[in-house]
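Each remark here refers to the structure printed beneath this line.
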């Protein structure tokens, strides 16, 4: 028998808002409230509110917390500043991606790792298996934490107005940094300027018991700016336009960070600034030196039929040479966009490739990622 | 709960049919509000063309939303007599008015269509 689906602490709010609720990674989460395109556009032009409470949060504490994460992850976590954030990955000894993560430094000896919902238990177990010899402790705090994101060009003003303490920090905060703030009087939140939409925005970590109050505050505060609640469907098209990978599609245990064009996040160290051993080091160094047999590219089409995840990239004779990992009609660009793994010979921007879209060939053109960048 | 009008007939694949479903009669075909809601914002409709032969239960087109793509099955057999050209530029009409302006095509039936569901039976399949 399958386990009963998990519910966000905001489930009742989603139902009351009339959201369409779908199964997602063991949870039941809102896929949309009003419409996918309206929600997508709100984030691009104003602001959107997301419940990300399905994401996993893992606390790492102890004198060796930084040294442990340096060993367990591909990035140099010890170099992250206090209240800084870093995008990184947990890889197998063979260099395959177990999950992509954001690590937040909450104190010198205290980190919080955000993992994908579907991978959380695997990440906890894998980290635990790498803990030997380090003075550090792991704690799965996922069910204690609600994660609420305010994303879009109006997010800064909205989140600042939600603060009773710390509004100035919100305004001053750089991308990929965070601060402790007080919301709505006395609600403690760890507010990070991070996101998965390609827009400016904030992710608010609050106690699950405070989730409803923070959600309601965000809706009320953001209304005048055009903030609306947004579901997983718009989150997916937003991240795709921003060229951000999704675990299970662009990233799997069979892909390395180099395949995905994210080799820069693997820190091997330099002679002047050496880095100790980390899991996957040898295999990843080999992957870097040897190059990838297939690389992740962006594709755009002039037609209307979109390539979707799993469709084959085909040569002139229709033989498969690659695979689409994500694809959709882009709400912002008004044309089909996709990401796909192709041989390096087909990876140059401007290259025309064929996609087998349900038995009919559609042509798409390789383009540099991302498809969309916000005006800065 | 989405609307299921009493005066239409339905297929299990979430198409609706309006009009008498006897041989020789022209009927109008669309997708149900339930199907439109499940797809999300529809951005492209590939409908059959006028003159095409469609067969009940067989694929006759596609509906694409930002979220997903779905094949469209003809609920009846016959010859396509009209296609809703307005959907070419405004496919979102299906989301806004699935049973009215969002109709997709019309068919002159080549045979009776006795297996369609009434509103009550269709509503039970999506409850």
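Chains as they are written, first to last, in our numbering: chain R, 1418 to 1793; chain P, 6 to 132.
Here a beta-carbon is modelled for each residue, glycine too, at the ideal position from N, C-alpha and C.
A distance below 7 Å between beta-carbons, with the five flanking residues on each side excluded, links residue 1572 (chain R) to the following residues of its chain, in chain order: 1464, 1617, 1618 and 1619. Cβ contact annotation for residue 57 (chain P) (same chain, cutoff 6 Å, sequence separation greater than five): 85, in chain order. Secondary structure of residue 33 (chain P) (DSSP, three-state): strand. The three-state reading of DSSP puts residue 1641 (chain R) in helix, counting H, G and I together. Not one beta carbon of chain R lies nearer than 8 Å to the beta carbon of residue 62 (chain P). Close partners of residue 1650 (chain R) in chain P (Cβ separation under 8 Å): 45, 71 and 72.
Rounded to whole angstroms, the separation of the alpha carbons of residue 1443 (chain R) and residue 1696 (chain R) is 29 Å. Against chain P, the CB of residue 1748 (chain R) has a partner CB under 8 Å away; the residue lies at that interface. Take residue 1470 (chain R), set aside five residues on each side of it, and the residues of its chain with a beta-carbon closer than 8 Å to its own are 1425, 1426, 1427, 1562, 1563, 1564, 1565, 1625 and 1628, in chain order. Each of P:21, P:12 and P:11 was checked against the Cα of residue 112 (chain P), and the nearest Cα belongs to P:21.
Within the segment 1440-1456 of chain R, the residues whose Cβ lies closer than 9 Å to some Cβ of chain P are 1448, 1449, 1452, 1453, 1454 and 1455, listed in chain order.
Runs of the alpha helix (DSSP H) lying entirely within the segment 1565-1614 of chain R, each at least 4 residues long, are 1572-1579 and 1584-1589 in chain order.
C-alpha of residue 1740 (chain R) to C-alpha of residue 1785 (chain R): approximately 17 Å in a straight line. At least one CB atom of chain P sits nearer than 8 Å to the CB of residue 1745 (chain R). For residue 1654 (chain R), the residues of chain P that pass the 7 Å Cβ criterion are 71, in the order they occur in the chain.
In this chain, the alpha helix (DSSP H) harbouring residue 1546 (chain R) covers 1537-1546.
By the CB criterion at 8 Å, residue 1582 (chain R) and residue 1567 (chain R) fall outside the cutoff. DSSP places residue 1554 (chain R) in the uninterrupted beta strand (DSSP E) bounded by 1554-1557.
Excluding residues up to 5 positions away in sequence, 1474, 1475, 1476, 1477, 1520, 1521, 1523, 1558, 1607 and 1622 lie with their Cβ nearer than 8 Å to the Cβ of residue 1529 (chain R) in the same chain.
Note: residue 1661 (chain R) is not bridge-paired with any residue in the DSSP secondary-structure output.
Chain-order list of chain R residues neighbouring residue 78 (chain P): empty, with the shortest C-beta distance near 14 Å, by a criterion of under 9 Å. Here residue 1613 (chain R) has 1652, 1656 and 1661 as same chain residues with Cβ atoms under 7 Å from its own Cβ, once five neighbours each way along the sequence are excluded. Measuring C-alpha to C-alpha distances from residue 98 (chain P) to each of P:46, P:7, P:11 and P:29 identifies P:46 as the nearest. The Cβ atoms of residue 1638 (chain R) and residue 1502 (chain R) do not sit closer than 8 Å to each other. Annotation: Cβ neighbours of residue 42 (chain P) in chain R (cutoff 8 Å, chain order): 1437.
P:120 is the residue among P:125, P:120, P:29 and P:52 whose C-alpha sits nearest the C-alpha of residue 16 (chain P). In the DSSP assignment, residue 1522 (chain R) falls outside any alpha helix (DSSP H) and within the unbroken beta strand (DSSP E) covering 1514-1524. Within chain P, the residues placing a beta-carbon under 9 Å from that of residue 1723 (chain R) are 48, 49, 69, 71 and 74, ordered along the chain.
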